[in-house]
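Below is one structure, written out as structure tokens; comments come after it.
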Amino acid sequence: MPTKIKIGIIGAGANTKLRHIPGLQAIEGVEVAAVSNRSVASAEKVAKEFSISEVYSHWNELIADPEIDAVVIGTWPYMHCPITLAALAAEKHVLTEARMALSANEARQMLTASLARPNLVAQVVPAPFTFPFDRTIIKLISSGSIGVPLAVELRAGGSFIDPDSPLHWRDDFTYSGFNTMTLGIWYESIMRWLGHCCCVTAQAKTFVNSRKDDNGSNIAIRIPDHIDVIAQMECSAQLHMQISKVTGHAGKPELFIFGSKATIRLCDEKLYVGKSSDTELKEYSINPADKDSWHVEQDFIDSIRTGKPVTLTSFQDGLKYMEFTEAAIRSAQQGTTIYLPLS
295 MPTKIKIGII GAGANTKLRH IPGLQAIEGV EVAAVSNRSV ASAEKVAKEF
345 SISEVYSHWN ELIADPEIDA VVIGTWPYMH CPITLAALAA EKHVLTEARM
395 ALSANEARQM LTASLARPNL VAQVVPAPFT FPFDRTIIKL ISSGSIGVPL
445 AVELRAGGSF IDPDSPLHWR DDFTYSGFNT MTLGIWYESI MRWLGHCCCV
495 TAQAKTFVNS RKDDNGSNIA IRIPDHIDVI AQMECSAQLH MQISKVTGHA
545 GKPELFIFGS KATIRLCDEK LYVGKSSDTE LKEYSINPAD KDSWHVEQDF
595 IDSIRTGKPV TLTSFQDGLK YMEFTEAAIR SAQQGTTIYL PLS
């Protein structure tokens, strides 16, 4: 019988209810034992829905509970750092939702605190967009099948500008910080295949400058809704990323890796490869054994029980994508190239 692990949920957002709570409850010997949410009423609703025995009015009370072994943080990014620091100080394992923190500085604090307690698991929920393709892309690159990676092109967007939609927390710098649309999420996937960037140059626009909050007040928007990033990668490839909320009819997200011997294209849940001798790209047949899927909660519990190192995603890699995202915004604001790691 596996060792009993008691989990506390802090912030029961959509992904927490869709993925984390059911995923954890499906694992033998794991009990989701407590929940704290933005209000007691909302926490009680979640507790009733998922048969969670304990409701706390404040997340500090949950962390102080000596019966809780680990916490899952499902709040907006502005709370990830303070909750993580408190949980680690209280000897709790931590799984925090993606968009690791508000800033690289916060992410660095989280990493430092986790390194001071190597007995505890510290994991960021990974970007899932490319799970089915990651292993295959890594094999194609590492085997030399595409030759030397020379350039990477990503375009993600496809929607028309929408000035009338209400304020979302992802648009509010107070709650989201430097996290900008899906920029960090896509960069996290690219890091898995090709490593990190060493410098970043960006241009960005905020076309919708304000939105109405729940009270009808106009809130200024500081987070861009269109950004172009050019970055130099440590592997010597050049990276170009366009992330946008204003590129109507641009199509589904599309990514290219251009190598000296072959090109990889990822689009519409399909992978294509074309060698220099081919006349066009052809859909690539992926070995079913190489198709990964969502097992974030199982990975977290396995790391707690066996000491298995965190790979998807470690605090070290979380800091890397936070630095990249912040560097892009700093570059756009200052009109200059920003070098990594951030000082």
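Residue numbering for the sequence shown follows the working numbering, starting at 295 and increasing by one per position.
All residues carry an ideal CB built from backbone N, CA and C; glycine is no exception.
Item to check | Span separating the alpha-carbon of Ser345 from that of Ile299 | outcome: For the purposes of this step, residue 345 is identified with residue 51 of the sequence shown, where counting begins at 1. For the purposes of this step, residue 299 is identified with residue 5 of the sequence shown, where counting begins at 1. One C-alpha to the other measures close to 16 angstroms.
Item to check | Residue environment, Glu269, which counts as buried when at least 16 other CB atoms sit within 10 Å | outcome: Within the shown structure, residues of the chain are numbered from 295 to 637, placing residue 269 beyond reach of any answer.
Item to check | Beta-carbon separation (whole angstroms), Ile521 vs Ala544, contact threshold 8 angstroms | outcome: Taking the sequence shown and counting its residues from 1, one reaches residue 521 at position 227. Taking the sequence shown and counting its residues from 1, one reaches residue 544 at position 250. Not really, about 14 angstroms apart at Cβ, beyond 8 angstroms.
Checklist entry - So what's Asn509 in DSSP terms, helix, strand or just coil? => result As a position in the sequence shown, residue 509 is number 215, starting the count at 1. Three-state result, Asn509: coil.
Checklist entry - What distance in whole Å lies between the Cβ atoms of Ser597 and Gln403, which are believed to be in contact at a cut-off of 8 angstroms? => result In the sequence shown, residue 403 corresponds to position 109, counting from 1. In the sequence shown, residue 597 corresponds to position 303, counting from 1. Contact doesn't hold; Cβ gap of about 21 angstroms is too wide.
Checklist entry - Could you give the residue range of the beta strand (DSSP E) that holds Leu448? => result As a first step, residue 448 is located in the sequence shown; it is residue number 154 there, counting from the start. Unbroken beta strand (DSSP E) run through Leu448: Pro443 to Ala450.
Next on the checklist: Let me make sure I understand the geometry here. Which of Leu634, Ile595 and Lys602 has the alpha-carbon closest to that of Ala364?
Outcome noted: Within the sequence shown, numbered from 1, the residue matching residue 364 stands at position 70. Among Leu634, Ile595 and Lys602, the Cα nearest to that of Ala364 belongs to Ile595.
Item to check | Same chain, Cβ closer than 8 angstroms to Arg599, five either side skipped, listed in chain order | outcome: Position 305 of the sequence shown holds residue 599. Cβ within range, chain order: Pro296, Thr297 and Ile299.
Checklist entry - For Arg411, which of Ser333, Thr378 and Val334 has the nearest alpha-carbon? => result Locating residue 411 in the sequence shown gives position 117, counting from the first residue. Selected option, being the one with the closest Cα: Thr378.
Item to check | Classification of Lys276 by the beta-carbon crowding that lies within 10 angstroms, buried from 16 upward | outcome: This structure leaves residue 276 out entirely; the chain is present only between 295 and 637.
Next on the checklist: So, with DSSP's three-state summary, where would you put Ile580?
Outcome noted: Against the sequence shown, residue 580 aligns to sequence position 286. Residue state, collapsed to three classes: coil.
Item to check | Val329 - DSSP class collapsed to helix/strand/coil | outcome: Looking up residue 329 in the sequence shown gives position 35. Val329 falls in the strand class under three-state DSSP.
Next on the checklist: In whole angstroms, give me the CA-to-CA distance for Gly445 and Leu560.
Outcome noted: For this step, residue 445 is matched to residue 151 along the sequence shown. For this step, residue 560 is matched to residue 266 along the sequence shown. Note that residue 445 is Ala in the sequence shown, not Gly. One C-alpha to the other measures close to 14 angstroms.
Next on the checklist: For His534, report the span of its alpha helix (DSSP H) as first-last.
Outcome noted: The residue labelled residue 534 in the question sits at position 240 within the sequence shown. Per DSSP, His534 belongs to no alpha helix (DSSP H); it is in the beta strand (DSSP E), Gln532 to Ser538.
Item to check | Glu391 versus Ile479: straight-line alpha-carbon distance, rounded | outcome: Residue mapping note: residue 391 aligns to position 97 of the sequence shown, counting from 1. Residue mapping note: residue 479 aligns to position 185 of the sequence shown, counting from 1. Approximately 12 angstroms, taken between the alpha carbons.
Item to check | Proximal residues to Thr607 (C-beta, below 6 angstroms), its chain only, five neighbours per side dropped | outcome: If you number the sequence shown from 1, residue 607 lands on position 313. Closer than 6 angstroms at the Cβ level, and outside the excluded window around Thr607, lie Val418 and Pro420.
Checklist entry - What is the DSSP secondary structure of Leu389, reduced to helix, strand or coil? => result Translated into the one-based positions of the sequence shown, residue 389 becomes position 95. Here Leu389 sits in strand by DSSP.
Item to check | Classification of Lys342 by the beta-carbon crowding that lies within 10 angstroms, buried from 16 upward | outcome: By 1-based counting over the sequence shown, the position of residue 342 is 48. That one is exposed.
Checklist entry - The alpha helix (DSSP H) with Glu361 in it runs from where to where? => result Counting from 1 along the sequence shown, the entry for residue 361 is found at position 67. Note, Glu361: premise wrong, no alpha helix (DSSP H); not H, not E.
Checklist entry - By DSSP, does His520 sit in helix, in strand, or in coil? => result Against the sequence shown, residue 520 aligns to sequence position 226. If DSSP states are grouped into helix, strand and coil, His520 belongs with the strands.
Next on the checklist: Between Met616 and Ser397, how many whole angstroms is the CB-CB distance? I'm expecting something under 8 angstroms.
Outcome noted: Looking up residue 616 in the sequence shown gives position 322. Looking up residue 397 in the sequence shown gives position 103. Rounded, the Cβ-Cβ distance is 7 angstroms, consistent with contact.
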